[in-house]
Every structure is written in C-alpha cells, then in structure tokens.
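The number in our numbering is simply the position in the sequence shown, starting from 1, with 2 added.
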Amino acid sequence: MLNRSVLVSAVNGIALRQGSNKLYLGSSDGTVRLWDCHTGAEYSLNGPVEQVNALTAVKDLLFAGVEDGVILPIERH
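In structure tokens form, the structure reads like this:
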C-alpha cells in the first residue's frame, strides 16, 4: 500500500532499478519511500520501522539493511 508522504528525516540509502523512473529512499526514521522521478510524487512503503542504513534493488525486488544488521525484503510497486 502506498501513502502520500513528506520527507522529514535523513536519507541513508537509495536504490534505482535500471530502466525504472522510481527512486527508493531509506531513512533514519525507519521508513522507505518511493519517489517518482517523472512526476515528483513521493509515497511511503510498508516496511522497516527501525533505521534504514542501505537499500538495493535486484530485478523486481527491493531489500533494506536496517540498524540491527538484518536485511529485509520490501514490498515493490
């Protein structure tokens, strides 16, 4: 589920899948956001609740590395 959001915390990780216009941002407030590079629209994704330190996109999957060292799969849209 996507929710309209406003970025209020430091960005610690970004991911952009090749050929996509969607940029994913992971932040210190524990959120992962999707930013549409064409429209400028920004949405929050369901995902981590602790600090996100890294993001990576592999094919149709998105993963977040969080503060306690765990790597979590994130819902992709």
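The beta carbon of each residue, even a glycine, is placed where N, CA and C say it ideally should be.
- Comparing alpha carbon positions, the residue from 72, 13, 26 and 42 closest to residue 60 is 26.
- Under the three-state reduction of DSSP, residue 54 is assigned to strand.
- For a cut-off of 8 Å, the C-beta gap from residue 65 to residue 50 is around 10 Å, too long to register as a contact.
- For residue 52, the CB contacts under 8 Å within the same chain, skipping 5 residues up- and downstream, are 32, 68, 69 and 70 in chain order.
- When DSSP states are grouped into helix, strand and coil, residue 19 belongs to the coil group.
- Going by beta carbons, residue 28 and residue 63 fall outside the 7 Å limit.
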